[in-house]
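J.: Residues 6 to 200 in the numbering used here are what the sequence shown lists, from first letter to last.
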Amino acid sequence: MLEFRGAGVLEVPVFIKQPCVNAHHHHGLLEENYRSDRSSEREMSAAMTLCGVLNKMRLKEELCDVVLRVNEVEFKVHKIILCARSPYFRALFTKGSSSEQKVYTMTNVSPDIMELIIHYIYTKEIRVTTDNVQALLVMADYLFMRDLVRDCCDFQKAHLSPENCLGIWQYADVHSYNVLQDHSYSYLLHVTAWT
Numbered sequence: 006m007l008e009f010r011g012a013g014v015l016e017v018p019v020f021i022k023q024p025c026v027n028a029h030h031h032h033g034l035l036e037e038n039y040r041s042d043r044s045s046e047r048e049m050s051a052a053m054t055l056c057g058v059l060n061k062m063r064l065k066e067e068l069c070d071v072v073l074r075v076n077e078v079e080f081k082v083h084k085i086i087l088c089a090r091s092p093y094f095r096a097l098f099t100k101g102s103s104s105e106q107k108v109y110t111m112t113n114v115s116p117d118i119m120e121l122i123i124h125y126i127y128t129k130e131i132r133v134t135t136d137n138v139q140a141l142l143v144m145a146d147y148l149f150m151r152d153l154v155r156d157c158c159d160f161q162k163a164h165l166s167p168e169n170c171l172g173i174w175q176y177a178d179v180h181s182y183n184v185l186q187d188h189s190y191s192y193l194l195h196v197t198a199w200t
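1) Count the other C-beta atoms from every protein chain shown that fall within 10 angstroms of the C-beta of VAL138, then say buried if there are 16 or more, exposed otherwise.
2) Does the beta-carbon of ARG47 have 16 or more other beta-carbons within 10 angstroms, so that it is buried, or is it exposed?
3) For VAL143 and MET111, I'd like the C-alpha separation in whole angstroms.
4) Give the straight-line distance between the Cα atoms of GLU66 and VAL82, rounded to the nearest whole angstrom.
5) Have a look at HIS164, LEU171, ALA89 and flag the residue whose alpha-carbon is nearest the alpha-carbon of LYS129.
6) Looking at the unbroken beta strand (DSSP E) that takes in THR110, where does it start and where does it end?
7) Looking at VAL72: is its Cβ nearer than 8 Å to the Cβ of GLU79?
8) DSSP has PHE80 in a bridge; who is on the other side?
9) Which residues in the same chain as PHE94 place their Cβ atom closer than 6 Å to its Cβ, once the five residues preceding and following it in sequence are excluded?
10) Assuming SER91 and ILE126 are in contact, meaning their beta carbons sit under 8 Å apart, how far apart are those beta carbons, in whole angstroms?
11) Am I right that ILE122 and LEU148 are in contact with their C-beta atoms under 8 Å? What's the rounded C-beta distance?
12) For HIS29, I'd like the list of residues in its chain whose CB is within less than 6 Å of its CB, leaving aside the five on either flank, ordered along the chain.
13) Using only CA atoms, which one of ASP136, ASP187, HIS124, VAL58 lies nearest to LEU153?
14) Return the CA-CA distance between SER1 and LEU59, expressed in angstroms with no decimal places.
15) According to DSSP, is SER189 helix, strand or coil?
16) When you compare the CB positions of CYS170 and LEU141, do they come within less than 8 Å of one another, or not?
17) Under 8 Å Cβ to Cβ from TYR109, same chain only, skipping five residues before and after it: list those, please.
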């Protein structure tokens, strides 16, 4: 298995000290950029800490205000966190139901995949494997979670092989994952050119 971290974790800013042609005239600008970089670093650290605390609260079922039911499995979660990470949940909780509704049934997903999705929503980390990537991709697309869709497509692109490229191309075609479809088609052409 490969542990694959979501886009929010991967997109860590890289701070490179750039040479300055005329440091005297740009000193204030460089100083401001440095402060801005440090501020971004602190904000990212604060966001990661907040996500960790909220996930611990979820795992302890503290202050959870909604339940997602998948088959007979119930996931107690925080509405606000799901709304912040998924336009689907934002619409569901704000437009699609009464404010008194506390239990929502999800019928188009397995409990295992929903657990991975919820963990990703809270932590931006997910364990993607060749066994779960297609189910994760479909659910991420359904929930309008573009970062996770991209991560799943990237995982599949990285794991293309002569044995699976046709299947991935067909799958991407059916689900309209154009970038993955184009990449797998190019791979397929490359493989067939050498056989």
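Positions of the beta carbon are idealized from the N, C-alpha and C atoms, including for glycine.
T.: This is what the structure holds:
1) Here residue 138 refers to the residue found at position 133 of the sequence shown. The residue is buried, with at least 16 neighbouring Cβ atoms inside 10 Å.
2) Working through the sequence shown from its first residue, we reach residue 47 at position 42. Exposed, by the Cβ-count rule.
3) Here residue 143 corresponds to residue number 138 of the sequence shown, with the count starting at 1. Here residue 111 corresponds to residue number 106 of the sequence shown, with the count starting at 1. Looking at the two C-alpha atoms, the distance is approximately 14 Å.
4) The sequence position of residue 66 within the sequence shown is 61, counting from 1. The sequence position of residue 82 within the sequence shown is 77, counting from 1. Roughly 7 Å between the two C-alpha positions.
5) Taking the sequence shown and counting its residues from 1, one reaches residue 129 at position 124. Checking every option, the nearest Cα to that of LYS129 belongs to ALA89.
6) Locating residue 110 in the sequence shown gives position 105, counting from the first residue. It spans 108-111 - the beta strand (DSSP E) in which THR110 sits, taken as one unbroken run.
7) Translated into positions along the sequence shown, residue 72 becomes position 67. Translated into positions along the sequence shown, residue 79 becomes position 74. Contact flag set, yes.
8) Counted from its first residue, the sequence shown places residue 80 at position 75. Answer is LEU73.
9) Position 89 of the sequence shown, counted from the start, is the residue given in the question as residue 94. Closer than 6 Å at the Cβ level, and outside the excluded window around PHE94, lie LEU87, CYS88.
10) Numbered from its first residue, the sequence shown carries residue 91 at position 86. Numbered from its first residue, the sequence shown carries residue 126 at position 121. Indeed, because the Cβ distance is near 7 Å, the residues count as touching under 8 Å.
11) For the purposes of this step, residue 122 is identified with residue 117 of the sequence shown, where counting begins at 1. For the purposes of this step, residue 148 is identified with residue 143 of the sequence shown, where counting begins at 1. Yes, ILE122 and LEU148 are in contact; Cβ-Cβ is about 7 Å, under 8 Å.
12) Translated into the one-based positions of the sequence shown, residue 29 becomes position 24. Low per-residue confidence applies at HIS29: pLDDT is 42, beneath 50, and the placement is therefore not dependable, though the value from the model is reported in the following sentence. There are no such residues.
13) Numbered from its first residue, the sequence shown carries residue 153 at position 148. The candidate whose alpha carbon is nearest that of LEU153 is HIS124.
14) Residue coverage of the chain in this structure runs from 6 to 200, which leaves residue 1 outside it and unanswerable.
15) Position 184 of the sequence shown, counted from the first residue, corresponds to residue 189. Correct three-state label for SER189: helix.
16) On the sequence shown, residue 170 is found 165 positions in, with the first residue counted as 1. On the sequence shown, residue 141 is found 136 positions in, with the first residue counted as 1. In this structure, LEU141 does not lie closer than 8 Å to CYS170 by Cβ.
17) Within the sequence shown, the letter at position 104 stands for residue 109. Hits under 8 Å: VAL71, VAL72, LEU73, ARG74, LEU97, SER102.
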